[in-house]
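Structure, as C-alpha cells:
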Amino acid sequence: MNLKIREVPSVNLKTEYEEIKQEIDEAITRVLNNTSFILGKEVKNFEESFKNFCESKFAIGVGSGTDALYLSLLILGTQPGDEIITTPLTFIATAEAITFAGGIPVFVDVDSKTHNLDPNLIEEKITNKTKAILPVHLHGQPVDLDPIIDIAKTHDLQVIEDAAQAHGSYYKKEPIGKNSDLTCFSFYPGKNLGAYGDAGAIITNNEELAQKAFMIRNHGRIDKYLHEIIGYNFRIDSLQAAILSVKLSHLTKWNRKRKKQASIYTSELSDLPLELPFVPEWADPVWHHYTIKLEQRDELHTFLKTRGIGVGIHYPITLSSQPAFAELNYNTQDFPIAENISKRILSLPIHGTLKSSEQEYVIDTIKEYFN
Ligand SMILES: *Cc1c(COP(=O)(O)O)cnc(C)c1O
Numbered sequence: 022m023n024l025k026i027r028e029v030p031s032v033n034l035k036t037e038y039e040e041i042k043q044e045i046d047e048a049i050t051r052v053l054n055n056t057s058f059i060l061g062k063e064v065k066n067f068e069e070s071f072k073n074f075c076e077s078k079f080a081i082g083v084g085s086g087t088d089a090l091y092l093s094l095l096i097l098g099t100q101p102g103d104e105i106i107t108t109p110l111t112f113i114a115t116a117e118a119i120t121f122a123g124g125i126p127v128f129v130d131v132d133s134k135t136h137n138l139d140p141n142l143i144e145e146k147i148t149n150k151t152k153a154i155l156p157v158h159l160h161g162q163p164v165d166l167d168p169i170i171d172i173a174k175t176h177d178l179q180v181i182e183d184a185a186q187a188h189g190s191y192y193k194k195e196p197i198g199k200n201s202d203l204t205c206f207s208f209y210p211g212k213n214l215g216a217y218g219d220a221g222a223i224i225t226n227n228e229e230l231a232q233k234a235f236m237i238r239n240h241g242r243i244d245k246y247l248h249e250i251i252g253y254n255f256r257i258d259s260l261q262a263a264i265l266s267v268k269l270s271h272l273t274k275w276n277r278k279r280k281k282q283a284s285i286y287t288s289e290l291s292d293l294p295l296e297l298p299f300v301p302e303w304a305d306p307v308w309h310h311y312t313i314k315l316e317q318r319d320e321l322h323t324f325l326k327t328r329g330i331g332v333g334i335h336y337p338i339t340l341s342s343q344p345a346f347a348e349l350n351y352n353t354q355d356f357p358i359a360e361n362i363s364k365r366i367l368s369l370p371i372h373g374t375l376k377s378s379e380q381e382y383v384i385d386t387i388k389e390y391f392n
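With the numbering used here, the residue at position 342 of the sequence shown is 363, and numbering never jumps.
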C-alpha cells in the first residue's frame, strides 16, 4: 500500500472561516461601523453568552488565556513566595502566570492514563506556604476535580482551573468550572473556541471575585475617571468579542464533530500497538487533542509529517525540565509519569472542519507505518 501524499493540517482556520464567513464578516463590519473598539456592547454580549454556555454566574473577558491565569492569581491575592500546586505537563503559561504573580509553581506528577494532575499526590506537597491548586484540563480531558476540591477545603486553599483547552468539557454531567473559585479560558486561534487574535476569559460563581476581576482588568475603574484600586489593562478587544460571539454559536456543533472523530480514531486504531486516550466514566471531554502514546513516537511523528499530516506533541518537554525554570531547581525524577508521557505522546489532527476523507488518510497512513 502506497498512499498518495496529501496535506492534512492539525487545525484549519481557513476552512472554518469559510464555513461561517458571512456571519463573521457581518460582525466585523458592525464593529467597524459603530467604532466601539473597547469594551461596550460586543464585550457584554459575548460575556453574557459565554457565561450561559458555561452555566456560570459571571464571565469576564480578558486579553488572553495567560492574562486570565495571571489576573486570577492577583484577584486571589497571591503574595511573593506563595506556593501554587500545578502540573508539569501543560503549556508554559500555566506556570508562567504563577511566577509572574510572584508565586512558586509546585509541580505534582500526573496520572498515567488521564495525563492530568493526580489528586493522590497533592497532599504530600502541601506546606504552610501553599495558597492554591491550579489543575489543567489537558487535551480537553476534564481533571478529576472533586478530590481536588476536597483537599482544598481541608487545607483552606483556593482552586483555579486552567480550562484553556476545554471549552464545553463536562465533569460528572456538569460543565467544568462549577465548584472552583475561578476558571480560565484561552481563545487563542487554535483552541476549540478561538478568536482571530489573542483573547481569554475567566468564569466564576463568586460575585465578589467577579467584581474584582471586572475592576482590575480595566485600570481599577468604578467610573471613567475614578479608580478605586490599582488595576491594569487586561481587556478583551471588542472586535474579538464580536467574532467570538459568532463562533460560540457554532462551538457545540464543532465539539460534537471532534467527539465523532475521536470515536473513529479509537475504533480504527484499536488493533495497533499504541496506547489510545483513556476517558473515565465521569468525563465528557471536548477533544482539544486526540493523543496516542508509543515508544517509537519520534519515528512515527517524522513519518506522518513527511506524509503531509499535521501532528503535534503536547508537550515534548515538561515544565520541570524547561530552562526558564532552571533557577527553581526541580528534580525531573520527581515527575516520572509526566516525563514518560512527554517522550511517548503524539497528537493527531482533530478539529471542527476535518473532513472524513482527511481522517481516513491519517488512519491509513498510521496503519501503513505499522505494516
Ligand atoms: C493556550 C493555553 C494557555 C495560554 O493561553 P493564551 O491565550 O495563549 O495566553 C494556558 N494554558 C493552557 C493549558 C493552554 O493550552
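The beta-carbon is built from N, C-alpha and C at its ideal position, and this holds for glycine as well.
With 16 other Cβ atoms within 10 Å as the buried cut-off, status of residue i
{"i": "Asn141", "result": "exposed"}
{"i": "Thr107", "result": "buried"}
{"i": "Ile197", "result": "buried"}
{"i": "Gln100", "result": "exposed"}
{"i": "Phe58", "result": "exposed"}
{"i": "Thr151", "result": "buried"}
{"i": "Ile387", "result": "buried"}
{"i": "Ser85", "result": "buried"}
{"i": "Lys212", "result": "buried"}
{"i": "Ser378", "result": "exposed"}
{"i": "Glu28", "result": "exposed"}
{"i": "Gly98", "result": "exposed"}
For residue i, the three-state DSSP class (helix, strand or coil)
{"i": "Ser207", "result": "strand"}
{"i": "Arg27", "result": "coil"}
{"i": "Gln261", "result": "helix"}
{"i": "Glu296", "result": "strand"}
{"i": "Ala304", "result": "strand"}
{"i": "Gly333", "result": "strand"}
{"i": "Phe74", "result": "helix"}
{"i": "Ser291", "result": "coil"}
{"i": "Leu156", "result": "At residue 156 the sequence reads Pro, which differs from the Leu that was named. Note: Pro156 maps to coil in three-state DSSP."}
{"i": "Ile251", "result": "coil"}
{"i": "Glu104", "result": "strand"}
{"i": "Gly215", "result": "coil"}
{"i": "Glu182", "result": "strand"}
{"i": "Phe121", "result": "helix"}
{"i": "Arg279", "result": "helix"}
{"i": "Thr327", "result": "helix"}
{"i": "Asn227", "result": "coil"}
{"i": "Asp244", "result": "strand"}
Residue i: CB within 7 angstroms of a non-hydrogen atom of ligand 1
{"i": "Tyr209", "result": "yes"}
{"i": "Gln15", "result": "Residue 15 cannot be examined here, being either before or after the span of the chain that is shown, 22 to 392."}
{"i": "Ala114", "result": "yes"}
{"i": "Lys212", "result": "yes"}
{"i": "Val127", "result": "no"}
{"i": "Leu90", "result": "yes"}
{"i": "Gln186", "result": "yes"}
{"i": "Gly252", "result": "no"}
{"i": "Val157", "result": "yes"}
{"i": "Ser31", "result": "no"}
{"i": "Ser201", "result": "no"}
{"i": "Asp183", "result": "yes"}
{"i": "Glu204", "result": "Checking the sequence, you will find Thr at residue 204 rather than Glu. Checking every heavy atom of ligand 1 against the Cβ of Thr204, none is found closer than 7 angstroms."}
{"i": "Gly221", "result": "yes"}
{"i": "Thr312", "result": "no"}
{"i": "Ser363", "result": "no"}
{"i": "Ser341", "result": "no"}
{"i": "Thr87", "result": "yes"}
{"i": "Thr108", "result": "no"}
Residues near residue i by beta carbon distance below 7 angstroms, same chain, minus five either side
{"i": "Ile285", "result": "Gln380"}
{"i": "Ile45", "result": "Tyr38, Ile264 and Val267"}
{"i": "Gly241", "result": "His248, Glu249, Ile250, Ile251 and Gly252"}
{"i": "Thr36", "result": "Thr374"}
Spatial distance of residue i from residue j (CA atoms)
{"i": "Leu90", "j": "Ala185", "result": "10 angstroms"}
{"i": "Met236", "j": "Ile81", "result": "10 angstroms"}
{"i": "Ile147", "j": "Lys278", "result": "40 angstroms"}
{"i": "Ser207", "j": "Ile366", "result": "23 angstroms"}
{"i": "Glu348", "j": "Phe112", "result": "19 angstroms"}
{"i": "Asn254", "j": "Lys199", "result": "27 angstroms"}
{"i": "Gly123", "j": "Asp103", "result": "7 angstroms"}
{"i": "Asn149", "j": "His176", "result": "9 angstroms"}
{"i": "Ile169", "j": "Ile154", "result": "8 angstroms"}
{"i": "Ser373", "j": "Ala304", "result": "The sequence shown places Gly at residue 373, rather than the Ser named in the question. For Gly373 and Ala304, the distance between alpha carbons rounds to 20 angstroms."}
{"i": "Gln317", "j": "Pro156", "result": "29 angstroms"}
{"i": "Thr287", "j": "Phe356", "result": "28 angstroms"}
{"i": "Asp219", "j": "Asn392", "result": "42 angstroms"}
{"i": "Lys233", "j": "Leu247", "result": "15 angstroms"}
{"i": "Thr273", "j": "Phe299", "result": "22 angstroms"}
{"i": "Thr120", "j": "Glu320", "result": "35 angstroms"}
Spatial neighbours of residue i in its chain, beta-carbon cut-off 8 angstroms, leaving aside the 5 residues before and after
{"i": "Glu195", "result": "Glu76"}
{"i": "Thr87", "result": "Ala114, Glu117, Ala118, Ser207 and Gly221"}
Own chain residues within Cβ distance below 6 angstroms of residue i, not counting five before or after
{"i": "Leu359", "result": "It is worth fixing the name first, because residue 359 is Ala in this sequence and not Leu. For Ala359, where only same-chain residues beyond five positions count, the Cβ hits under 6 angstroms are Pro109, Leu110, Asp130, Val131 and Thr339."}
{"i": "Ser342", "result": "Thr353"}
Min CB distance residue i to chain B below 8 angstroms
{"i": "Phe391", "result": "Although the question refers to chain B, the structure presented lacks it and comprises just one protein chain."}
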